[in-house]
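Heads up: the structure comes next, in structure tokens.
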Amino acid sequence: MHKHHPDIHDVVIAGGGPVGLFLACELRLLDLSVLVLERSEDPHSPLKRMPFGMRGLSAGTLEALYSRGLLDEVVAAQRANDGADSTAKTAPWMEQPRRPAGHFAGIPFYHDDIDTSKWPYRLTSPAGTSMAVALETLETVLARRASAMGAEIRRGFSADEFHASGEEVTVRAGGETFRGRWLVGCDGGRSAVRKAGAFEFVGTAP
Ligand SMILES: Cc1cc2nc3c(=O)[nH]c(=O)nc-3n(C[C@H](O)[C@H](O)[C@H](O)COP(=O)(O)OP(=O)(O)OC[C@H]3O[C@@H](n4cnc5c(N)ncnc54)[C@H](O)[C@@H]3O)c2cc1C
Numbered sequence: 007m008h009k010h011h012p013d014i015h016d017v018v019i020a021g022g023g024p025v026g027l028f029l030a031c032e033l034r035l036l037d038l039s040v041l042v043l044e045r046s047e048d049p050h051s052p053l054k055r056m057p058f059g060m061r062g063l064s065a066g067t068l069e070a071l072y073s074r075g076l077l078d079e080v081v082a083a084q085r086a087n088d089g090a091d092s093t094a095k096t097a098p099w100m101e102q103p104r105r106p107a108g109h110f111a112g113i114p115f116y117h118d119d120i121d122t123s124k125w126p127y128r129l130t131s132p133a134g135t136s137m138a139v140a141l142e143t144l145e146t147v148l149a150r151r152a153s154a155m156g157a158e159i160r161r162g163f164s165a166d167e168f169h170a171s172g173e174e175v176t177v178r179a180g181g182e183t184f185r186g187r188w189l190v191g192c193d194g195g196r197s198a199v200r201k202a203g204a205f206e207f208v209g210t211a212p
């Protein structure tokens with residue numbers, strides 16, 4: 007039977023990936039009520055763990071995590087995972103004499119190639135300029151923080167349709183209806199919310 011939730015949230019976020027979860031924390035800082043609807047029932051997946059789930063965090067992301075007191079937690083959680091994962095220690099790129107900093111279109115570059123003093127928009131912080139983390143680790147830390155701050159996270163709810171009228175948005179997800187004053191689509195690169203809302207895609211196709 008279709009279930010309708012009468013209570014209204016200030017913000018409904020479709021998608022509990024890194025962006026949706028970080029946003030949930032930010033909105034809770036402003037004391038707004040937040041509901042995160044995440045399609046996957048299970049937050050764990052081999053695709054989110056090393057090696058497939060490896061994500062390089064950029065300087066801007068590290069600064070954002072640092073500014074919210076999350077960076078130490080991410081580092082500690084990743085170290086704990088590295089300890090449990092022998093491949094992290096033996097990866098050949100970790101043993102190169104020059105420390106890899108990333109790549110652009112497959113062309114590698116190294117930390118000693120980077121002059122961070124030339125970055126005009128960087129805040130002064132001890133956060134560092136890059137770090138590798140497993141997507142699952144990042145999401146676990148962010149979900150824990152969002153829940154502790156009072157955001158409601160509901161898994162197994164795929165936001166498929168929404169209807170905006172006047173002061174509120176009604177969202178259909180997993181056969182249930184949720185209400186919010188705002189809906190934010192944080193549902194990834196093929197965003198269903200973007201398509202349902204007919205928002206223009208600004209960017210470059212793959
Ligand atoms: C192989 C690979 C390597 C990558 N490497 C890097 C890297 O090194 N550095 C980097 O910065 N980025 C990297 N990226 C990109 C990075 O993963 C994304 O930029 C990042 O995950 C975006 O976060 P997000 O929260 O916006 O979206 P996502 O991580 O895609 O999360 C979206 C969430 O929304 C959920 N969802 C989807 N549809 C719905 C719906 N209709 N309703 C409810 N929930 C929904 C999904 O289950 C998911 O949990 C890589 C991506 C891939 C695939």
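Our numbering puts the first residue of the sequence shown at 7, with every later residue one more than the last.
Beta carbons are placed, not taken as given, at the ideal position from N, Cα and C, and that holds for glycine.
A heavy atom of ligand 1 is found nearer than 6 Å to the CB of L43. The beta carbons of V147 and E47 sit no closer together than 7 Å. For Y72, the uninterrupted alpha helix (DSSP H) segment begins and ends at 65 to 73. In the DSSP assignment, R200 falls outside any beta strand (DSSP E) and lies within the alpha helix (DSSP H) extending over 198 to 202. Looking at the DSSP output, K54 sits in no beta bridge, so it has no partner there. Only residues of its own chain outside the window of five on either side were considered, and among them I19, A20, G21, G23, V25, G26, L29 have a CB closer than 7 Å to the CB of C192, listed in chain order.
Between F184 and V177 a beta carbon distance of about 5 Å is seen, short of the 8 Å cut, so the two are scored as contacting.
Only residues of its own chain outside the window of five on either side were considered, and among them V17, V40 have a CB closer than 6 Å to the CB of L33, listed in chain order. For G62, the CB falls within less than 6 Å of some heavy atom of ligand 1. A Cβ-Cβ separation of about 21 Å leaves P132 out of contact with Y116 under the 8 Å criterion.
For S46, the shortest separation between its Cβ and any heavy atom of ligand 1 lies below 6 Å. L141 sits close to G59, with the two beta carbons spaced by under 7 Å. Here A86 is exposed: its Cβ has fewer than 16 other Cβ atoms, across all protein chains shown, within 10 Å. If you draw a straight line from the Cα of P52 to the Cα of T143, it is about 12 Å long.
With fewer than 16 other CB atoms across the displayed protein chains lying within 10 angstroms of its CB, I113 is exposed. Here Q84 really is in contact with V139; their C-beta atoms are around 5 Å apart, less than 8 Å. Within the same chain, and ignoring the five residues on either side of Y72 in sequence, the residues whose Cβ sits closer than 7 Å to its Cβ are S131, A133. In the DSSP assignment, P24 falls within the alpha helix (DSSP H) that extends over 24 to 35. Counted as a single uninterrupted DSSP element, the beta strand (DSSP E) harbouring V42 occupies residues 40 to 44.
Across the structure, E206 and A198 are spaced so that their CA atoms are roughly 12 Å apart. The residue from R128, H109, R55, E145 with its alpha-carbon nearest to that of D88 is R55.
When secondary structure is reduced to three states using DSSP, H117 falls in the helix class.
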